[in-house]
Every structure is written in C-alpha cells, then in structure tokens.
Amino acid sequence: MISRRAVLGLMASAFLPGTSRAGDLEPEFLQPKLKAKALPALAERLPKSPRALNLAAMGRQPGQYGGTLRTIIGSQKDIRMMTIYGYARLVGYDEKLNLQPDILESFDVADDRVFTLKIREGHKWSDGSLLTPEDFRYCWEDVWLNDELSQGGLAPALLAAGKPPRFEIVDPSTVRYSWDGPNPDFLPKLAAASPLSLVLPAAYLKQFHKKYQDPFRLAGLMKENRAKKWTCL
C-alpha cells in the first residue's frame, strides 16, 4: 500500500535525552551545516518534551556515529526494512516489553475500543514540517480509504469484528480512533517490527495525490518519475 516515496517520508526525528544540554549532543558530522546556519540547532529540532531515556540506569551508554552497516537488502522496495533497523514508533515497547508512548506524548485506551492519541508538541518530520492531526487524517481518509492506494482493503488491525474505526480530530494535538467492539491488537501492531501505518507526512505527499494535485502537473510528475500510475509515485 505504501510507496517507496511515502516510506521515505516516514523518517522522523530521533529521541534524545532532554534539551537542556542539547548543544552537547550535536553529532560532529552536522557541525558544518550548523556553522553555516543551514540547519537549526538541536533544541529547535526536537519536540518540546522529547522522550528521554536514562541509559546509565539501563546499563547502557550512547553509541558512536559513523561506521558501515551491511545488509542483504536487494532492491529499492526493501527500503521498507528501515522501520526495523530504526525503532521509532507512535507507540513502542520498553526493555520490559511494556507499551510506552514514543513519537506520541501519550495514549489513552477505553474498553479496548477507544484509543486517544496525543502528539508531542513540536515533533517534526525529517523535512522540518510539524507532525499534526492532519497527517493522521490524510493517512486514514486519503490513503487507507482510497481504493486505488489500498486495493487490498484495510489492514486487519484496523478492523474490529470486521468493521473499521471512526476517526476524529479531538484538538490540534489529539486524534481518536473508536471501534464498536474491542480491538486489543491495535497498539501492539503500532509497536510491531513492521508497524501499522497510521500517519504520513501530508504536506509533502499531497503533491503526488490526485485529490490534491492539478491533473496536468500530476501527469508531469508521473513522466518525470517514470510512473505508470499516480499511485506509483
């Protein structure tokens, strides 16, 4: 369902321990861009309250930047595997396998059927644009519910007793998914190795969607990218 371009758009900022010493955490290879003011300071790139991990208490220490990762990825479409190598999720497992908010600031579950998700204030996509409820709405209404993009139908984790959820934007930082019956697999699927896709960078992807793009421009993008259909962009 999700194209290579969409998967690339899923890359979001990493979680670093606090922002009070954010300048000390800047990787060396970014220094030229920072000095040239081509990149905002780390404190400006992070959410207002990023997820902070006490590595020392876990018996761990920060890793080192650089090196070479050799994989058996054989084609471009296998870039989808990057979600496994980089464990950033709306919801994720901690070291004790308990579900914790990750990209989300918090989540609330009522009767295993109503899931309220709150976004961390200031969380950004890799291009610097803010993560907002519109990104959830776009993924749900314009991708999952679009027969051309989701020809196989909804993912099983989006169905409870065969029925889809009701989606609503509660406020500028909160969305809600409600089912008539319980859906206990919903959160675990968000934390899975290959996670359920629930949010996409709408501001970027709309330029490739026929609902939002001028037909002439869309045809040009298809030609430029050698795509047979707009859904392949």
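60 is the number that the working numbering gives to position 60 of the sequence shown; each next residue is one higher, with no gaps. Quick reminder that beta carbons are idealized off the backbone N, C-alpha and C, glycines included.
Pick from the options that is closest to residue i, judged by C-alpha positions
| i | options | result |
| --- | --- | --- |
| residue 312 | 125, 119 and 144 | Lying outside 1 to 233, the shown extent of the chain, residue 312 is not represented and no answer is given. |
| residue 163 | 173, 181 and 150 | 181 |
Pairwise C-alpha distance: residue j and residue i
| i | j | result |
| --- | --- | --- |
| residue 214 | residue 167 | 27 Å |
| residue 226 | residue 201 | 22 Å |
| residue 161 | residue 196 | 18 Å |
| residue 95 | residue 59 | 11 Å |
Exposure of residue i, with buried meaning 16 or more beta-carbon neighbours within 10 Å
| i | result |
| --- | --- |
| residue 148 | exposed |
| residue 176 | buried |
| residue 138 | buried |
| residue 145 | exposed |
| residue 91 | buried |
Three-way DSSP call (helix, strand, coil) for residue i in this model
| i | result |
| --- | --- |
| residue 68 | coil |
| residue 199 | coil |
| residue 176 | strand |
| residue 100 | strand |
| residue 220 | helix |
| residue 119 | strand |
| residue 212 | coil |
Contacting residues, own chain, Cβ-Cβ under 8 Å from residue i (five flanking each side not counted)
| i | result |
| --- | --- |
| residue 93 | 99, 100 and 191 |
| residue 228 | 222 |
| residue 73 | 79 and 81 |
Nonlocal neighbours in the same chain, by C-beta distance under 6 Å from residue i, ignoring five residues either side
| i | result |
| --- | --- |
| residue 208 | 233 |
| residue 109 | 115 |
| residue 48 | 121 and 122 |
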